[in-house]
Every structure is written in structure tokens, then in C-alpha cells.
Amino acid sequence: MEHSVLLMRIVTLVLIGVALLGLLSWGLTRMQGVMLFHPAPLSGVDPASLGVTCETVSIKEYDGTTLGAWWCPAADDGRPVLLFLHGNAGNREGRLHNVRGLQEAGIAVLIVDYRGYGESSGIPTESGLIRDALAAYDWLAERVAPRPVAIFGRSLGGVLGALVALERDPAGLILESTFTSLRAITRHVLPVPMLHLLVRSRLDTLSAVRELTLPLMVVHGTDDELVPVAMGRALHAASPVTHKVLHEVPGGQHNDTYLKAGPAYFQWIREFLDGLRP
Numbered sequence: 003m004e005h006s007v008l009l010m011r012i013v014t015l016v017l018i019g020v021a022l023l024g025l026l027s028w029g030l031t032r033m034q035g036v037m038l039f040h041p042a043p044l045s046g047v048d049p050a051s052l053g054v055t056c057e058t059v060s061i062k063e064y065d066g067t068t069l070g071a072w073w074c075p076a077a078d079d080g081r082p083v084l085l086f087l088h089g090n091a092g093n094r095e096g097r098l099h100n101v102r103g104l105q106e107a108g109i110a111v112l113i114v115d116y117r118g119y120g121e122s123s124g125i126p127t128e129s130g131l132i133r134d135a136l137a138a139y140d141w142l143a144e145r146v147a148p149r150p151v152a153i154f155g156r157s158l159g160g161v162l163g164a165l166v167a168l169e170r171d172p173a174g175l176i177l178e179s180t181f182t183s184l185r186a187i188t189r190h191v192l193p194v195p196m197l198h199l200l201v202r203s204r205l206d207t208l209s210a211v212r213e214l215t216l217p218l219m220v221v222h223g224t225d226d227e228l229v230p231v232a233m234g235r236a237l238h239a240a241s242p243v244t245h246k247v248l249h250e251v252p253g254g255q256h257n258d259t260y261l262k263a264g265p266a267y268f269q270w271i272r273e274f275l276d277g278l279r280p
């Protein structure tokens with residue numbers, strides 16, 4: 003009888019533990035979107051006021067979502083064009099200075115706002131943002147055909163770019179300040195034992211890079227306060243290709259690599275893209 007009671011208690015405790023673990027996992031999954039996505043509406047900044055020449059375009063998706071974007075052409079019509087996928091906060095207005103430098107370097111850019119960002123419709127979700135990045139790539143590839151398209155992704159945009167590259171055929175991929183996976187960055191930011199194991203996400207840059215066979219450039223600040231430079235190094239090391247380069251920006255933080263590196267930053271990107279010319 004005592005053994006039966008003890009066994010029942012053990013089974014009860016295990017079931018309670020499993021239920022609590024499932025509840026915690028469900029709650030963490032629900033919280034991921036709240037913690038990860040920080041969109042902001044457009045404030046009305048005119049790109050021309052910052053020296054950027056661009057056309058406002060709308061990208062319509064099959065699920066009814068409409069994405070706002072700027073198509074910013076450049077004088078060189080032979081260099082591959084760049085799909086710019088920004089990070090998890092704000093909107094495309096906050097990247098205009100970066101876009102201006104790219105355009106001045108002769109690089110054409112499409113910069114898009116994900117669903118829920120800027121004036122784009124919808125609510126941001128992980129699967130939704132992946133679809134947005136694919137739709138933006140498809141729009142750009144059709145717009146500039148037969149010119150090749152390369153992908154530039156910063157932070158969250160980097161993992162989206164890597165996932166797009168698995169499903170499309172870009173000429174090259176640039177990852178800037180990008181984390182290796184959502185699970186890994188959760189472990190770094192929230193170092194609670196075992197918590198990262200509960201993260202359920204497709205946002206795994208490292209796994210994608212290991213599968214990709216296209217040219218890769220990685221840019222990362224040595225003083226990145228959000229995504230450690232070790233993650234950028236790991237992404238570069240994981241790529242199986244020989245056509246790859248790692249640029250570490252001394253003193254660079256998460257969002258200022260193009261400022262800290264100065265003109266060399268845009269030269270790196272231009273040289274990388276020129277190496278992709280057909």
C-alpha cells in the first residue's frame with residue numbers, strides 16, 4: 003500500500019511538472035512576439051530632405067497584407083541591387099541615413115517595412131515577417147530583372163534574409179549585427195537556466211547559413227551591446243563557402259556600424275556586390 007501511495011505521489015508530481023512546463027512554454031511563445039517586435043508608425047519624414055531619391059511603393063501579399071517600401075535606384079545599372087531588411091524596432095525611416103550612403107555609393111536599394119511597421123498593414127508575427135521578406139524579394143526580383151538581387155539584413159533582418167536565401171536564389175547575402183538564433187540570443191539576454199530550451203522559433207540564422215552556398219559577408223561591431231560579436235564570428239565560420247568575408251568594426255555597437263566604420267563600410271558593401279556581377 004505504501005509503495006502504491008508513493009508511486010501515485012510521484013506520478014502526480016510529474017504530471018504537475020509537465021503541465022507547468024507546458025504552461026511556461028505556451029506563455030513564453032506568446033511573449034516572444036511582444037518582446038521581439040517593436041514597430042512604430044511613419045512620422046512623415048521625406049526621404050528627399052535627407053538626400054535620398056526614392057519612389058514609394060506598395061507590395062501586396064496573397065493574404066491581403068500590404069507592405070510599404072521605398073525603391074531607391076542608383077546610377078550604376080549593372081551592379082546587383084540590394085534588398086534591405088531592417089531590424090525589429092522602428093521602421094524604414096530610421097534607416098534613411100544608411101540608405102543614403104548606399105545610394106551615394108552607387109547601390110540601388112529596396113527597403114521595406116514588415117507588417118505592422120510604418121504604414122504596412124497587419125500585425126507582426128514570426129511567420130508573417132518571413133512571408134513579408136519573401137514577398138519583398140519577389141517584388142524586387144521582378145522589378146529589376148534580369149539584374150541580380152542581393153540581400154542585406156541587419157539584426158532580425160539578417161535571419162529573415164538567410165531564410166529567404168534558402169527559398170530563393172539571391173546573388174549574395176550580407177548579415178550585419180545578426181544573432182545566431184532566437185534561442186541563442188534569448189539565452190544571452192535572459193540567462194535563466196534552461197529557459198532558452200523552451201523557445202520555439204524558425205529564426206535560426208546559424209542553421210540556415212550552414213546550408214547556404216552563396217557568397218556571404220558578415221559585418222559586426224566589436225562592442226555590440228545586444229548581439230555579441232562572437233555570434234557574427236560564428237556565422238562567418240559556419241558558412242561552407244570560400245567566397246565569404248568578415249568585417250569587424252572596432253568600437254561598433256548594434257546600430258552604429260556604418261557610422262563607426264565610416265566610408266570604408268560602404269566600400270565593403272560595394273566591393274562585395276561588384277564581386278557578384280554576372
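Using the numbering used here, count along the sequence shown one by one with no gaps and you end on 280. Glycine is no exception: its CB is placed at the ideal position from the N, C-alpha and C atoms. Note that this is a predicted model, so its numbers are computed, not measured.
- Buried is the label assigned to Tyr139, since at least 16 other Cβ atoms lie within 10 Å of its Cβ.
- Taking C-beta atoms as the reference points, Thr207 and Val161 count as a pair closer than 8 angstroms.
- Each of Gln105, Tyr260, Pro150, Arg94 was checked against the Cα of Pro41, and the nearest Cα belongs to Arg94.
- If you ignore the 5 residues before and after Gly130, its C-beta comes within less than 6 angstroms of the C-beta of Arg117, all in its own chain and listed in chain order.
- The beta carbon of Pro75 lies closer than 6 angstroms to those of Ala110 in the same chain, with the five residues before and after it left out.
- Proximity to Arg133 across Val151, Leu205, Thr180 peaks at Leu205, based on C-alpha coordinates.
- By the neighbour-count criterion, in which 16 or more other beta carbons inside 10 Å mark a residue as buried, Lys246 falls on the buried side.
- Within the segment 196–236, the runs of beta strand (DSSP E) at least 3 residues long that lie entirely inside it are, in chain order, 218–223.
- The alpha helix (DSSP H) runs of length 4 or more contained entirely in the segment 238–267 are, from start to end of the chain, 259–263.
- Of all alpha-carbon atoms in Val251, Ala239, Val146, the one lying nearest the alpha-carbon of Thr224 is that of Val251.
- When Lys262, Asp276, Ser183, Asp258 are compared, the shortest CA-CA separation from Ala232 is found for Ser183.
- When rounded, the separation of the alpha-carbon atoms in Leu168 and Glu227 is 29 angstroms.
- His88 is the residue among Ala71, Asp79, Ala50, His88 whose C-alpha sits nearest the C-alpha of Ser179.
- For Ala137, the closest alpha carbon among the candidates Ala236, Pro148, Gly163 is that of Gly163.
- Inter-residue distance for His222 and Pro265 is about 16 angstroms (C-alpha atoms, whole angstroms).
- Apart from the 5 residues on each side of it in sequence, Val146 sits with its Cβ closer than 8 angstroms to the Cβ of Val83, Ala110 in its chain, given in chain order.
- The C-beta distance from Trp72 to Pro49 rounds to 6 angstroms, short enough to fall under 8 angstroms.
- Secondary-structure assignment with DSSP links Ile153 through a beta bridge to Leu85, Leu175.
- For Ser209, the CB contacts under 8 angstroms within the same chain, skipping 5 residues up- and downstream, are Ser183 in chain order.
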